[in-house]
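**Student:** The structure is given below, and queries will be raised subsequently.
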Amino acid sequence: MVRSDSHPSTDEQQFECIDCLERVVSDDRVSVCPVCGSRMQNVSLPRE
Ligand SMILES: [Zn+2]
0 MVRSDSHPST
10 DEQQFECIDC
20 LERVVSDDRV
30 SVCPVCGSRM
40 QNVSLPRE
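Under numbering that gives the first Met the number 0, think of the first position of the sequence shown as 0, with each following residue one higher.
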């Protein structure tokens with residue numbers, strides 16, 4: 000396994016439903032709300 004970047008393996012992002020505001024934290028992209036089925040948007044803030 001070759002890793003070309005130096006980022007840590009924990010790459011969680013937070014997603015928020017545009018409709019019911021349900022929040023999901025995942026290291027995979029979440030595009031559909033598990034509660035209402037609406038679209039999720041990435042609300043993770045970049046860390047410095
Ligand atoms: Zn929702």
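Ideal placement from N, C-alpha and C gives every residue a C-beta, glycine not left out.
Only a predicted model underlies this, so the values are computations on that prediction, with no experimental measurement involved.
Who are the near neighbours of residue 16 in its chain, counting only those whose CB is closer than 6 Å to its CB and skipping five residues on each side?
**Tutor:** These residues qualify, in order along the chain: 32, 37, 39.
**Student:** Here's a check: name, in chain order, each residue in its chain whose Cβ is nearer than 6 Å to the Cβ of residue 12, leaving out the five neighbours to either side.
**Tutor:** Closer than 6 Å at the Cβ level, and outside the excluded window around residue 12, lie 41, 43.
**Student:** Between residue 34 and ligand 1, is there a pair consisting of the residue's CB and a ligand heavy atom that are separated by less than 7 Å?
**Tutor:** Indeed, a heavy atom of ligand 1 lies less than 7 Å from the Cβ.
**Student:** Exposed or buried, residue 24, counting other C-beta atoms within 10 Å across all chains shown (16 or more means buried)?
**Tutor:** So residue 24 ends up on the exposed side.
**Student:** Kindly indicate which three-state DSSP category residue 35 falls into: helix, strand or coil?
**Tutor:** Reduced to three states, the DSSP call for residue 35 is coil.
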